[in-house]
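Count along the sequence shown starting at 1, add 1, and that's the number in the working numbering.
For glycine and all other residues, C-beta sits at the position ideal for the given N, C-alpha and C.
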Amino acid sequence: MRAKLDIEAEVTALDDLSREQLAAQWEKIYKCPPPKGVRRELLVRAAAWHLQAKRLGGFSTETRRMLRSAIDRVEKKLADRDKQPSVVTDDIKVTTAPKRKQVLPGARLVRDWNGKTHIVDVVEGGFVLEAKLYPSLSSVARKITGAHWSGPRFFGL
Numbered sequence: 002m003r004a005k006l007d008i009e010a011e012v013t014a015l016d017d018l019s020r021e022q023l024a025a026q027w028e029k030i031y032k033c034p035p036p037k038g039v040r041r042e043l044l045v046r047a048a049a050w051h052l053q054a055k056r057l058g059g060f061s062t063e064t065r066r067m068l069r070s071a072i073d074r075v076e077k078k079l080a081d082r083d084k085q086p087s088v089v090t091d092d093i094k095v096t097t098a099p100k101r102k103q104v105l106p107g108a109r110l111v112r113d114w115n116g117k118t119h120i121v122d123v124v125e126g127g128f129v130l131e132a133k134l135y136p137s138l139s140s141v142a143r144k145i146t147g148a149h150w151s152g153p154r155f156f157g158l
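Below, the structure is given as structure tokens:
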């Protein structure tokens, strides 16, 4: 009972730590800095989980088995969708997202939309459609369709 109260007090004390102190704890625990823009609340929860897992034992064998099975299913789906490089961290394998194709100046993108062929030239400052310069492919797609689209997706990149 005493140990439970000690853990509760330590977890509660995490709320009093500054973001910098929580980030330092993250680095100590995970051996890397926290992701950029991560909320303070996540840092507190990660520190609290680690503290409790260290004292109470973490995931059970059955939970680890279920997580491994779920990860394997997701990896199989991703591998079937398209082959991507992967990184192994501890006992968890993480699949990285494919890199988006870079469109270089001088390229020409062609897309048929509602029976009309649209030709977009890629230039240093953006994208040219019908002699007008656009800052992004998404703004070009919006001009063509009248709705919000992901420009790279609209042009099949």
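Are there 16 or more other CB atoms within 10 angstroms of the CB of residue i, so buried, or fewer, so exposed?
i: Gly59; result: exposed
i: Pro106; result: exposed
i: Tyr31; result: exposed
i: Val121; result: buried
i: Trp27; result: buried
i: Pro34; result: exposed
i: Leu57; result: exposed
i: Leu1; result: Because residue 1 is not part of the residues shown, which for the chain are 2 to 158, the question remains open.
i: Val149; result: Before going on, a small fix: residue 149 reads as His here, not Val. When all chains shown are included, His149 counts as exposed.
i: Met2; result: Here the model assigns Met2 a pLDDT of 49, short of 50, so the residue's position is not dependable, and the following value carries that caveat. That one is exposed.
If I follow the unbroken alpha helix (DSSP H) through residue i, where does it start and stop?
i: Asp81; result: 62-82
i: Lys133; result: Element bounds for Lys133: not the alpha helix (DSSP H) but the beta strand (DSSP E), 133-135.
i: Gly152; result: 152-155
i: Val141; result: 138-146
Closer than 6 Å to a non-hydrogen atom of the ligand MN - does that hold for the CB of residue i?
i: Tyr135; result: Judged by which ligands are present, the structure shown has none, so any question about the ligand MN falls away.
Can you tell me whether residue i is helix, strand or coil according to DSSP?
i: Trp114; result: strand
i: Arg46; result: helix
i: Leu105; result: coil
i: Leu57; result: helix
i: Met2; result: Unreliable placement is indicated for Met2, whose pLDDT of 49 sits below 50; the coordinate value is still reported in the next sentence. It is coil, neither helix nor strand.
i: Val12; result: helix
i: His51; result: helix
i: Asp7; result: helix
Thinking residue i and residue j are a contact (beta carbons under 8 Å), I'd like their distance in whole angstroms, please.
i: Val141; j: Gly157; result: About 13 Å; that fails the 8 Å criterion.
i: Ala49; j: Leu23; result: 10 Å between Cβ atoms; not a contact.
i: Gly147; j: Leu134; result: Actually they do not touch by this definition, with Cβ atoms about 19 Å apart.
i: Val123; j: Leu110; result: 7 Å
i: Leu52; j: Ile8; result: 7 Å
Restricting to Cα atoms, I'd like to know which of the options is closest to residue i.
i: Asp17; options: Cys33, Arg41, Asp7; result: Arg41
i: Val129; options: Ile145, Trp114, Ser61; result: Ile145
i: Glu131; options: His119, Leu138, Ser139; result: His119
State the start and end residues of the unbroken beta strand (DSSP E) segment that holds residue i.
i: Leu23; result: No beta strand (DSSP E) holds Leu23; the alpha helix (DSSP H) holding it covers 20-31.
i: Gly127; result: 127-130
With a threshold of 7 Å between beta-carbons, can residue i be considered close to chain D, or not?
i: Leu158; result: Here there is only one protein chain, and chain D is not present.
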